[in-house]
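Rendered as C-alpha cells:
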C-alpha cells in the first residue's frame with residue numbers, strides 16, 4: 059500500500075470506549091453495518107466491481123473523505139502483504155516517479171533513488187519552488203528551520219542533483235524523527251499562515267466520522283493515533299517514501315503503514331505523516347475480511363480515505379461534490395492497477 | 004498514491020447566461036436553507052461574477068441595408084449562494100443583472116438597450132457516482148426597459164449534466180429552454196479535457212477555450228464567448244423606429260466573440276480576467292416580424308472578476 063492510500067486516522071479517545079466493531083458477523087453484514095454502502099453484491103465484487111461513495115461534507119475546511127469497497131481473490135493475509143509490497147511505479151497512470159521502503163532505522167542511502175528530473179514539468183515545478191524558498195514563505199510544507207536549511211542547501215544552484223540531495227536529507231531527518239518518536243516527532247508545517255500539523259488535520263477529520271473511528275478503534279489506538287500520539291505505537295509500521303504527481307505537481311511524501319489482526323480479519327492504516335506540498339496529509343484505513351462466494355474465496359476490502367488539502371478550503375458547493383467524485387475515480391484507478399497486478403502475478 | 008487535486012471547474016456552466024431579479028428574493032435566499040447547517044461555513048458557498056465588455060464600431064446592416072457603425076457596452080453582475088440540503092443536494096438562490104447598450108444609428112430597428120433583471124433559483128444534485136446535474140430557472144424581466152410590464156416577464160430554464168470521467172476529463176451536456184426564443188430548446192455538449200500538463204481544452208458553452216497554465220496563478224487562453232438572450236421591446240418601440248410592427252416585439256440577441264485573454268488568480272477566492280479580440284457575429288433578430296440586424300466584425304475588450312467563497 060505504499061502509495062496505495064491516502065490516509066490514516068486518528069481516533070478520538072472518547073470514541074474508543076464505544077467501539078463495538080462488527081467483528082464476528084458475516085463480512086458483508088459487517089461492512090453494511092459500518093460503511094455507507096446500502097447494497098453490496100459479493101458476486102459482483104468478486105467479478106471486479108468497485109463501489110465508491112463520497113464522505114459527508116465536513117466542517118473541517120481542508121478535509122474530504124470517501125469510502126471504497128472491492129474484493130480480490132487472495133486470502134486476507136496475502137492481500138495485506140500485497141497491499142504493502144506492490145509497486146505503484148509499474149502502473150503508469152498513477153504517475154508515481156519513485157517509491158521505496160525505508161529501513162529501521164532508516165539511512166540516508168534509502169533515498170538514493172530520489173532524483174528530480176527537470177525534464178518533467180511537474181518535477182520542474184518542485185525544483186523551481188525549492189529554488190524560490192525563503193524562511194517565511196515557500197508554498198511548501200516545511201518548518202521555518204527546514205525552509206532556512208533547504209534555502210541554504212539548494213541556494214540558487216539549479217543543479218537538480220544538488221536539490222535532490224537536499225530533499226533527501228530533509229526526508230531522512232523527518233523519517234528518523236518519526237521512527238524514533240512516533241507522532242510526537244512530526245514537525246508542523248510553519249510556512250503557511252499558521253502552523254499546521256498533519257496529525258491534527260487527520261484527527262479533525264476523524265472527529266466528524268464517529269462510526270468509522272469506532273470501527274477502526276483497534277488500529278487507531280495501537281498506532282498511537284487515538285491517544286494524541288503521546289505514546290509510541292506498540293505496532294511497528296512499515297515505512298516508505300515516494301515521489302509522485304499530485305495536482306500536476308511533483309510531490310514528495312513519507313508514509314507509515316500499520317497493520318493489525320483483529321479476529322479473523324485485518325485492519326491497516328496508511329498515514330502520510332509528511333507531504334512536501336499540494337496537500338497536507340492523507341490517511342487510508344483498510345478493513346480486510348475473508349469472503350467466500352460459491353467455491354471462490356478471497357478478501358473483501360473496505361477502505362476509507364481522508365485527505366486534507368489547502369485548496370479544499372476554497373472548494374465549496376458543487377465543486378466540492380465534484381472533487382469528492384473525482385477523488386473516488388482516482389482511487390478506483392489505483393485499485394484497478396492493484397487488481398491487475400494480482401491477476402497477472404497471482 | 005497519485006492524487007490529482009485539480010481545481011475542478013465543474014460549475015455545470017449554464018448553456019447561456021441568463022437574467023435575474025429583486026433583492027428581496029436574494030435576502031430570502033440567503034436565509035432560506037437554515038435547516039441544512041447554515042451555520043457551517045463549508046455548507047454554504049457564494050459565487051459572484053462581474054463582467055464588463057466594450058465592442059468597437061461595427062458596421063451594422065438591417066436586411067442588407069447599411070445603418071452605420073454601432074458600438075456596444077455590456078455589463079453583467081451575477082450573485083448566487085448555494086447551500087447543502089443533503090450530502091447530494093444543494094439549493095441555489097441568487098440574482099443577475101445584465102445590460103447591453105449600443106450606440107444607436109440614425110435609422111433602423113436596433114434597440115439602444117437590452118437588459119435583464121432576474122432571480123436565480125436552482126439546484127445542484129449528484130445523480131450517480133460520476134454524474135452531476137444542475138437546474139436553474141431565472142424568472143425576471145427581459146426587455147429594453149422603456150416600459151416594464153408583464154410582457155417583459157420571462158423564465159428561461161437551464162439544465163446541465165456533467166459526467167466526471169476522471170480528474171482530467173469531464174463531459175458536459177446542457178439544454179436551455181426559453182419558450183419566447185426563436186429556438187425554444189437549445190441543446191449543447193462540451194468537454195473539459197486536460198490533455199497535457201499545462202494545456203486544457205475547456206470546451207463549454209458559453210465560453211469554449213483552450214487554456215495554457217503559465218504558472219499556478221496565471222493562465223492564458225484563446226477562445227470564444229457567446230452572449231445571448233431573448234428580450235421584449237417596449238410597446239412604442241416600433242413607433243419610435245418607424246416600424247410599428249415592432250411594437251412590443253420579441254428579439255433574440257446574440258453576439259459571438261473570439262480572441263485571447265489572461266486569467267489571473269489573485270487570491271484563492273478571486274480570479275480576474277482580461278481579454279480582447281474580434282466580435283465575429285452580432286445580431287438582433289425580430290424573428291416574428293422577419294426583421295433582422297447584423298453587425299460586421301469589430302474589436303472588443305472584456306474584463307471580468309469571478310469570486311468563489
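Chains as they are written, first to last, in our numbering: chain A, 59 to 404; chain B, 4 to 312. From the three backbone atoms N, C-alpha and C, an ideal C-beta is built for every residue, glycine too.
Exercise. Taking the C-alpha atoms as reference points, what is the distance between residue 24 of chain B and residue 272 of chain B?
Worked result: Caution is warranted here: a pLDDT of 29 is assigned to residue 24 of chain B, below 50, making its placement in the model unreliable, and the coordinate value is therefore given only provisionally. Going by the C-alpha atoms only, they are around 25 Å apart.
For this session: Determine whether the Cβ of residue 308 of chain B lies closer than 8 Å to any Cβ atom of chain A.
Result: no
Exercise. Roughly how far, in whole angstroms, is the beta-carbon of residue 123 of chain A from the beta-carbon of residue 267 of chain A, given that I think they are within contact range, below 8 Å?
Worked result: 7 Å
Problem set entry | For residue 152 of chain A and residue 391 of chain A, the rounded distance between their alpha carbons | 8 Å
Problem set entry | Contact with chain A by residue 135 of chain B, beta-carbon distance below 8 Å | yes
For this session: Measure from the alpha carbon of residue 333 of chain A to the alpha carbon of each residue in A:261, A:232, A:217 and A:192, then state which is nearest.
Result: A:232
Exercise. Interface residues of chain A around residue 1 of chain B at Cβ under 9 Å?
Worked result: Residue coverage of chain B in this structure runs from 4 to 312, which leaves residue 1 of chain B outside it and unanswerable.
For this session: Please go through the same chain and pick out, in chain order, the residues whose beta-carbon is closer than 8 Å to the beta-carbon of residue 68 of chain B, but skip the five residues on each side of it.
Result: 111
For this session: Check the DSSP bridge columns for residue 162 of chain B and list the partner residues they point to.
Result: B:138 and B:178
Exercise. For the ligand NAP, any of its heavy atoms closer than 7 Å to the Cβ of residue 49 of chain B?
Worked result: In terms of ligand content, the structure shown is empty, and the ligand NAP therefore cannot be addressed.
Exercise. Who are the neighbours of residue 47 of chain A on chain B, taking C-beta pairs under 9 Å?
Worked result: What the structure shows of chain A is the stretch from 59 to 404, and residue 47 of chain A is not part of that stretch, so it cannot be assessed.
Exercise. At which residues does the beta strand (DSSP E) containing residue 112 of chain A begin and terminate?
Worked result: 109 to 112
For this session: Within its chain, find whatever has a CB closer than 6 Å to the CB of residue 80 of chain B; leave out the 5 residues flanking it on each side and keep chain order.
Result: 53 and 100
For this session: Quick one: which unbroken beta strand (DSSP E) runs of 3-plus residues sit fully inside the stretch 258 to 315 of chain A? Chain order, please.
Result: 296 to 304
For this session: Could you spell out where the alpha helix (DSSP H) holding residue 135 of chain A opens and where it closes?
Result: 134 to 143
For this session: Report back the beta-carbon spacing between residue 206 of chain B and residue 217 of chain B to the nearest angstrom; my notes put them in contact at under 8 Å.
Result: 20 Å between Cβ atoms; not a contact.
For this session: Could you have a look at residue 231 of chain A and say whether DSSP puts it in helix, strand or coil?
Result: helix
Problem set entry | Spatial neighbours of residue 245 of chain A in its chain, beta-carbon cut-off 6 Å, leaving aside the 5 residues before and after | 201
Problem set entry | Reduced DSSP category for residue 80 of chain B - H, G, I as helix; E, B as strand; rest coil | strand
Problem set entry | Contacts around residue 284 of chain B, its chain only, beta-carbon distance under 6 Å, and the 5 residues preceding and following it disregarded | 259
For this session: Can you grab the Cα-Cα spacing for the pair residue 117 of chain B / residue 73 of chain B, in whole Å?
Result: 14 Å
Exercise. For the stretch 245 to 275 of chain B, which residues have a beta carbon sitting closer than 8 Å to at least one beta carbon of chain A?
Worked result: 271 and 272
For this session: For residue 212 of chain A, name the three-state secondary structure that DSSP assigns.
Result: helix
Exercise. If we ignore side chains and look at the alpha-carbon of each, how far apart do residue 151 of chain B and residue 257 of chain B end up?
Worked result: 22 Å
Problem set entry | Cβ of residue 393 of chain A within 8 Å of any chain B Cβ | no
Exercise. Under a CB-based cut-off of 8 Å, is residue 29 of chain B close to chain A?
Worked result: Confidence at residue 29 of chain B is low in this model, with a pLDDT of 30, below 50, so its placement is unreliable and no value can be given for it.
For this session: Identify each residue in the stretch 192 to 216 of chain B for which the Cβ-Cβ distance to at least one residue of chain A is less than 7 Å, and report them in chain order.
Result: 200 and 201
For this session: Note the first and the last residue of the continuous beta strand (DSSP E) segment covering residue 216 of chain B.
Result: 212 to 216
For this session: Return the residues of the stretch 124 to 156 of chain B that lie within a Cβ-Cβ distance of less than 8 Å from chain A, sorted by chain order.
Result: 127, 129, 132, 133, 135 and 137
Problem set entry | Residue interval of the alpha helix (DSSP H) (run including residue 183 of chain B) | No alpha helix (DSSP H) holds residue 183 of chain B; DSSP gives it neither H nor E.
For this session: Going by CA-CA distance only, name the one from B:162, B:228, B:255 and B:200 that's closest to residue 296 of chain B.
Result: B:255
Problem set entry | Contact between the stretch 100 to 110 of chain A and the stretch 374 to 391 of chain A (3+ Cβ pairs under 8 Å) | yes
Problem set entry | Min CB distance residue 60 of chain B to chain A below 8 Å | no
Exercise. When DSSP labels each residue in this structure, what does residue 334 of chain A get in the three-state scheme?
Worked result: coil
For this session: Find out if the Cβ-Cβ distance for the pair residue 119 of chain A, residue 370 of chain A is shorter than 8 Å.
Result: yes
Exercise. Is there contact between the stretch 186 to 204 of chain B and the stretch 261 to 281 of chain B, where contact requires at least three CB pairs shorter than 8 Å?
Worked result: no
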